[in-house]
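Residue numbers for the sequence shown follow the numbering used here, beginning at 7 and rising by one. Think of the CB as a built atom: it goes at the ideal place given N, C-alpha and C, for glycine as much as any other residue. Please read all numbers here as calculations on a predicted model, not as lab measurements. First up is the structure itself, then whatever we jot down about it.
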Amino acid sequence: MKNRVIVIGGGGAGLVAALSAHESGAEVVVITKEYPTRSQTCMAQGGINAALSNVEEDSVELHVENTLKSAHGLANEDAVRFLCQSAPDVVLWLDSIGVPFSRTKENKIAQRKLGGAYAARACYAQDYTGLKILHTLYDRCMAEGIEILNERYLLDFIICSDKQKPYVSGVSVLNIRSGEVEIHEAQSVIVATGGYSRVFHKHSTNSVASSGDGIAAAVRAGARLSDMEFIQFHPTALKNSSVLISESARGAGGYLLNSKGERFTNELSPRDEVARAINDEIAKGGDVFLDIRHLGTEFIENELPQEAKLAKLYENIDPVHELIPIKPSAHYTMGGIEVDENSSTCINGLFAVGECASHRVHGANRLGGNSLLELVVFGKLSGDRAAKYAMSVDKTTEISENKNIFQEKIAEIKRYTNEINFYEKQRDLGELFYLHVGIKREKKSLYSVLDKVRETRALLPKMGVSDKTKEYNTNLREFLEFKNMLEISELILISAIGRDESRGAHFRVDAPHADKKFEAHTIIDKEGALSYEN
């Protein structure tokens with residue numbers, strides 16, 4: 007199985023990486039716990055940034071400037087420049103493989119302005135941009151014959167050692183259908199498992215699958231994590247369900263109104279500023295609404311059809327005639343697995359891309375429209391680098407004996423007692439995080455939540471699964487996800503406690519100003535050891 011690349015995750019980042027590795031000559035297998043077309047990428051509605059020639063007042067330099075400004079001093083300028091310079095080419099590539107972008111009257115790719123941007127830069131496909139990109143990528147992978155193994159839950163990376171540094175030899179996964187542990191060998195592995203904002207439970211715009219599995223497995227394997235305290239709250243999630251209402255609604259001219267019907271903030275300021283402004287209005291005891299009524303029926307039906315459907319489905323609101331009640335919800339995690347300019351971790355052969363990775367292009371606050379861009383730009387890069395690494399190594403390690411080790415770990419979990427309902431603990435964790443590790447934070451409260459997380463981790467052997475069956479054991483998978491979220495929660499809290507300042511999405515009421523000495527990236531390992539690096 008020489009030259010084999012395994013991609014963990016079937017969202018946009020994983021599928022782009024798979025196509026790139028395949029094109030570079032590797033044998034590629036995509037392993038994903040859900041079906042690719044259900045991944046979180048489909049909820050990236052607003053658009054993908056690129057300074058195309060369509061917009062005369064825009065440029066790559068302005069894109070760079072906007073991205074660095076949103077990052078609040080924590081982005082790597084070289085990485086940002088690479089991202090922004092690559093943007094026009096990757097959008098044209100997406101267009102060439104069939105992504106149905108919306109068009110202007112001149113048949114050019116349509117673009118809209120999102121928060122924090124100086125110009126209309128986000129290329130869009132109505133308000134289904136991520137979904138249409140994802141489906142196109144999936145079709146492309148099928149056409150290229152790339153193998154996709156669905157319903158496999160990542161357990162751990164299999165790491166071996168030599169005289170230099172550890173290297174990855176494969177992965178262990180739980181086949182959700184059969185309940186069997188599988189071992190898959192590869193010369194290189196790309197982690198593309200998405201973010202971790204489901205730590206906030208019902209207060210997140212993300213699917214329940216965004217439990218940070220790949221990040222938790224990577225840090226257990228010896229990878230380092232970076233900037234875990236930076237979690238972006240999207241300003242406009244539906245009040246009762248946290249379902250996302252895209253920034254495209256504000257980009258098209260939607261207003262934010264308080265309970266008095268007054269506009270109280272610049273709707274197109276960076277997301278951290280808008281989310282805090284909304285949070286402050288809600289803290290006064292009032293509601294906040296998104297108003298798109300003035301955009302008109304025809305515009306809403308043609309340009310914002312998904313937002314209208316979501317408002318009707320989840321809030322019983324017709325946005326053509328009524329105000330949409332909203333609140334900020336955890337949306338995007340800027341932190342993740344530390345990678346270098348080649349998307350490589352500190353473990354040979356282990357790469358990471360997408361929301362689970364920290365390419366240092368978002369810093370303390372991601373610019374709207376840059377997430378889809380990142381997954382395509384660095385998806386292409388990581389796939390190519392992983393393929394070339396796989397073809398360059400001549401290491402064959404027998405790893406099949408690991409199957410028994412992981413089977414015993416699953417059996418041990420099934421032997422846990424069921425004295426405590428972990429679902430209740432998961433809900434409690436989400437509430438604690440939303441109240442104390444959310445838009446506004448304070449050191450004493452952060453320490454209190456950290457104590458709770460550690461207490462909960464210690465009680466895991468009393469929170470076993472009630473379902474002992476093998477096939478399609480959802481109870482077991484959700485327990486494993488909860489276990490990963492607890493590991494990640496502890497690292498988030500340690501990182502947030504250590505950053506005694508306010509910067510971007512990390513706002514500390516007890517340290518409300520930015521501190522120059524923290525103009526550095528937070529680095530943390532599995533032991534919780536914290537350091538800062540430029």
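Proximity to Val205 [Cα-Cα], best of Ala511, His327, Val515 and Val459: As a first step, residue 205 must be located in the sequence shown, where it is residue number 199. Nearest of Ala511, His327, Val515 and Val459 to Val205, Cα basis: Val459.
Would you kindly report the start and end of the unbroken beta strand (DSSP E) that includes Pro241? On the sequence shown, position 235 is the one that residue 241 refers to. Counting along the chain, the beta strand (DSSP E) containing Pro241 begins and ends at Ile237 to Leu244.
Can you list the alpha helix (DSSP H) stretches of 4 or more residues lying completely in the stretch 106-182, in chain order? The qualifying runs are 135-149.
Which term fits Pro172, buried or exposed, when burial requires 16 or more other beta carbons within 10 angstroms of its beta carbon? Residue numbering aside, residue 172 sits at position 166 when the sequence shown is read from its first letter. Label assigned to Pro172: buried.
Write down the C-beta distance between Lys266 and Arg158 rounded to the nearest angstrom, noting that I regard them as a contact closer than 8 Å. Within the sequence shown, numbered from 1, the residue matching residue 266 stands at position 260. Within the sequence shown, numbered from 1, the residue matching residue 158 stands at position 152. About 52 Å; that fails the 8 Å criterion.
Taking buried to mean at least 16 other C-beta atoms within 10 Å of its own C-beta, is His337 buried or exposed? On the sequence shown, position 331 is the one that residue 337 refers to. Buried is the call here.
When DSSP labels each residue in this structure, what does Met234 get in the three-state scheme? Position 228 of the sequence shown holds residue 234. Reduced to three states, the DSSP call for Met234 is coil.
Taking contact to mean 3 or more Cβ pairs, one atom from each stretch, closer than 8 Å, check whether the stretch 410-418 and the stretch 44-55 are in contact. No: the two stretches stay apart, fewer than three of their Cβ pairs being nearer than 8 Å.
Per DSSP, cross-strand counterpart(s) of His190: For this step, residue 190 is matched to residue 184 along the sequence shown. According to DSSP, which records beta bridges pairwise, His190 is partnered with Val177.
Who pairs with Tyr320 in a beta bridge, going by DSSP? The residue you call residue 320 lines up with position 314 of the sequence shown. Partner(s): none; Tyr320 has no beta bridge.
My output table needs one value for Tyr422: the three-state DSSP class, helix, strand or coil. As a working note, residue 422 is residue 416 in the sequence shown. In the structure shown, Tyr422 sits in coil (DSSP, three-state: anything other than H, G, I, E or B).
Let me check understanding here. Comparing Cα to Cα, which of Gly385, Lys420, Asn540 and Gln46 lies closest to Ala215? The residue you call residue 215 lines up with position 209 of the sequence shown. Ranking the options by Cα distance to Ala215, first place goes to Gln46.
Are the stretch 161-168 and the stretch 68-83 touching by the rule of at least three beta carbon pairs closer than 8 Å? no
Proximity below 7 Å, CB of Ile306 to CB of Pro241: Here residue 306 refers to the residue found at position 300 when the sequence shown is read from its first residue. Here residue 241 refers to the residue found at position 235 when the sequence shown is read from its first residue. No; because the gap between Cβ atoms is not below 7 Å, this pair is not in contact.
Consider the C-beta atom of Gly53 and the heavy atoms of the ligand HEM; say whether any pair is separated by less than 6 Å. Absent from the structure shown: the ligand HEM. Ligands present: none.
In terms of alpha-carbon separation, which member of Ala123, Leu329, Ser388 and Tyr440 lies closest to Val345? What you label residue 345 is simply residue 339 of the sequence shown in a count that begins at 1. Per the Cα distances, Ser388.
Could you pull the DSSP bridge partners for Leu296 from this structure? Taking the first residue of the sequence shown as 1, we reach residue 296 at position 290. Answer is Leu262 and Ile330.
Is the Cβ-Cβ distance between Val367 and Ala81 less than 7 Å? By 1-based counting over the sequence shown, the position of residue 367 is 361. By 1-based counting over the sequence shown, the position of residue 81 is 75. Between Val367 and Ala81, the C-beta gap is smaller than 7 Å, which places the two residues in contact.
Run through DSSP, which three-state label would Leu373 get? Here residue 373 corresponds to residue number 367 of the sequence shown, with the count starting at 1. Three-state DSSP puts Leu373 in coil, outside helix and strand.
Please report how far the alpha carbon of Arg282 lies from the alpha carbon of Lys446, in whole angstroms. Sequence index remark: in the sequence shown, residue 282 carries index 276 (1-based). Sequence index remark: in the sequence shown, residue 446 carries index 440 (1-based). Going from the Cα of Arg282 to the Cα of Lys446 covers about 8 Å.
Just tell me which of Ala23, Gly504, Ile152 and Thr142 has its CA closest to the CA of Ser349. Taking the first residue of the sequence shown as 1, we reach residue 349 at position 343. Of the listed residues, the one whose Cα sits closest to Ser349 is Ala23.
Answer with buried or exposed for His28, where buried requires no fewer than 16 other C-beta atoms within 10 angstroms of its C-beta. By 1-based counting over the sequence shown, the position of residue 28 is 22. By the neighbour-count criterion, in which 16 or more other beta carbons inside 10 Å mark a residue as buried, His28 falls on the buried side.
For Leu58, collect the residues of the same chain with a Cβ closer than 6 Å to its Cβ; drop the 5 residues on either side in sequence, then sort them by chain order. Looking up residue 58 in the sequence shown gives position 52. Taken in chain order, the residues that qualify are Pro94.
Between which two residues does the alpha helix (DSSP H) containing Ile37 stretch? The sequence position of residue 37 within the sequence shown is 31, counting from 1. First-last for Ile37: Glu33 to Ile37, but that is the beta strand (DSSP E), not the alpha helix (DSSP H).
Alpha carbon to alpha carbon, what distance is there between Asn156 and Ile416? To locate residue 416, count along the sequence shown from 1; it is residue 410. To locate residue 156, count along the sequence shown from 1; it is residue 150. One C-alpha to the other measures close to 20 Å.
Label Ser406 either buried or exposed according to how many other C-beta atoms from any shown protein chain fall within 10 Å of its C-beta, with 16 as the threshold for buried. Your numbering for residue 406 matches position 400 in the sequence shown. When all chains shown are included, Ser406 counts as exposed.
What residue range is occupied by the uninterrupted beta strand (DSSP E) comprising Tyr538? By 1-based counting over the sequence shown, the position of residue 538 is 532. Residues Leu536 to Glu539.
Contacts around Arg514, its chain only, beta-carbon distance under 6 Å, and the 5 residues preceding and following it disregarded: As a working note, residue 514 is residue 508 in the sequence shown. Excluding residues within five positions, the ones whose Cβ falls inside 6 Å are Arg447 and Ser508.
Which residues bound the beta strand (DSSP E) around Ala358? Indexing the sequence shown from 1 puts residue 358 at position 352. Unbroken beta strand (DSSP E) run through Ala358: Leu356 to Ala358.
Coarse secondary structure for Glu304, derived from DSSP in three states: As a first step, residue 304 must be located in the sequence shown, where it is residue number 298. Glu304 falls in the helix class under three-state DSSP.
Whole-angstrom C-beta distance between Tyr453 and Ile500, which should lie under 8 Å: In the sequence shown, residue 500 corresponds to position 494, counting from 1. In the sequence shown, residue 453 corresponds to position 447, counting from 1. The pair is not a contact, with the Cβ atoms about 10 Å apart (cut-off 8 Å).
Every unbroken beta strand (DSSP E) inside the stretch 467-534 [3 residues or more]: 527-530
By DSSP, does Gly436 sit in helix, in strand, or in coil? Residue numbering aside, residue 436 sits at position 430 when the sequence shown is read from its first letter. If DSSP states are grouped into helix, strand and coil, Gly436 belongs with the helices.
What are the boundary residues of the alpha helix (DSSP H) that includes Val459? Numbered from its first residue, the sequence shown carries residue 459 at position 453. If you look at Val459, you'll find it in the alpha helix (DSSP H) that goes Lys449 to Ala464.
Out of Asp521, Ala511, Leu301 and Leu492, point me to the one whose CA is closest to Ile221's CA. As a working mapping, residue 221 is identified with position 215 in the sequence shown. The residue with the shortest Cα to Cα distance from Ile221 is Leu492.
Looking at Gly369: is its Cβ nearer than 7 Å to the Cβ of Met234? As a first step, residue 369 is located in the sequence shown; it is residue number 363 there, counting from the start. As a first step, residue 234 is located in the sequence shown; it is residue number 228 there, counting from the start. 7 Å or more divides the Cβ of Gly369 from the Cβ of Met234.
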